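In full-length UniProt numbering, the protein residues as written are 1 to 266.
Built from N, CA and C at the ideal position, the CB exists for glycine as well.
In this text, all values refer to a predicted model and were calculated from it rather than measured experimentally.
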């Protein structure tokens, strides 16, 4: 028998549900997705992205025309403005809102998680997906913000093309993308540790965190009430982009880990 290994090489992308055998080596190479890849990978991101984009466009139009979708903005502001917490209570609530949605805190958490998964999978797909999601929030979000320039509640007026960038809520969009995408990158079928039970459990926790951050932003009078669903929808659009990249049956660069060669004996 020959001592040459004639076994079939494994070409499966570790980002796919069926994990391939680890490969060694220090060179960058491309790994082609296996035949088991679901040909309908695009359905979920298409539905999520199209729905989020359509509803975000509708809500943006309502903000522009001062439609019924923003009818609760001023009454809610009038109620919460004189009832703002102070002292330690406000500090705690501000801390929760900041940690949950401010990019200064969410970006390192999200990127670190993606880097850990990418290292374990030896595949940069998770980092590309995260980068695309962040870019979507940034460019689409600021395009709408600068186009409308909606004033925030603390100014005491609600006008467009003023001094402000209230719509959509960036904190809420960041929270939506960050906490849900972390769960997807970790526990989904395309994640680093696929586990259906943990995926469902932590997805519910992520939805709860996203809801809390959004509500805090309006209850603390940083945003109008309609800014919050705008942030959720923007985050949903960014999630659709990230999920599409995670599921797309494309070859991705894979960095193998170097291994030491056994010393030759003479």
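Which listed residue (the options) has its alpha carbon closest to that of residue i
i: residue 164; options: 173, 178, 148; result: 148
i: residue 227; options: 144, 99, 44; result: 144
i: residue 155; options: 66, 65, 81, 239; result: 81
i: residue 200; options: 49, 47, 184, 150; result: 184
i: residue 190; options: 150, 57, 242, 74; result: 242
i: residue 74; options: 213, 159, 110; result: 159
i: residue 210; options: 194, 169, 187; result: 169
Limits of the unbroken alpha helix (DSSP H) element including residue i
i: residue 123; result: No alpha helix (DSSP H) contains residue 123, which DSSP labels as neither H nor E.
i: residue 90; result: 87-101
i: residue 181; result: 170-187
Nearest-angstrom Cα separation, counted from residue j out to residue i
i: residue 126; j: residue 203; result: 18 angstroms
i: residue 62; j: residue 39; result: 37 angstroms
i: residue 171; j: residue 121; result: 30 angstroms
i: residue 182; j: residue 55; result: 24 angstroms
i: residue 246; j: residue 231; result: 22 angstroms
i: residue 26; j: residue 114; result: Low confidence applies to residue 26: its pLDDT is 34, below 50, so where it sits in the model is not reliable enough to give any reading.
i: residue 84; j: residue 92; result: 13 angstroms
i: residue 279; j: residue 250; result: Only positions 1 to 266 of the chain appear in this structure, which leaves residue 279 out of reach.
i: residue 94; j: residue 178; result: 18 angstroms
i: residue 103; j: residue 45; result: 24 angstroms
i: residue 118; j: residue 124; result: 5 angstroms
i: residue 43; j: residue 224; result: 33 angstroms
i: residue 233; j: residue 244; result: 17 angstroms
i: residue 208; j: residue 106; result: 16 angstroms
i: residue 35; j: residue 174; result: Confidence is the limiting factor: at residue 35 the pLDDT is only 40, short of 50, which leaves the residue's position unreliable, though a coordinate-based value still follows. Rounded to whole angstroms, residue 35 to residue 174 spans 35 angstroms at the Cα level.
i: residue 88; j: residue 248; result: 47 angstroms
i: residue 64; j: residue 116; result: 42 angstroms
i: residue 206; j: residue 79; result: 28 angstroms
i: residue 219; j: residue 60; result: 21 angstroms
i: residue 108; j: residue 97; result: 16 angstroms
i: residue 197; j: residue 239; result: 21 angstroms
i: residue 167; j: residue 77; result: 15 angstroms
i: residue 111; j: residue 99; result: 15 angstroms
i: residue 72; j: residue 139; result: 28 angstroms
i: residue 58; j: residue 101; result: 24 angstroms
i: residue 49; j: residue 212; result: 23 angstroms
i: residue 229; j: residue 157; result: 20 angstroms
i: residue 150; j: residue 195; result: 42 angstroms
Residue i - DSSP class collapsed to helix/strand/coil
i: residue 213; result: helix
i: residue 248; result: coil
i: residue 73; result: helix
i: residue 193; result: coil
i: residue 54; result: helix
i: residue 223; result: coil
i: residue 67; result: coil
i: residue 266; result: Bear in mind that the predicted position of residue 266 carries a pLDDT of just 43, short of 50, making it too unreliable to give a figure here.
i: residue 157; result: coil
i: residue 18; result: Low local confidence applies: a pLDDT of 44 at residue 18 is under 50, so the model's placement there is unreliable, and no value is given.
i: residue 78; result: helix
i: residue 206; result: helix
i: residue 149; result: coil
i: residue 84; result: coil
i: residue 139; result: helix
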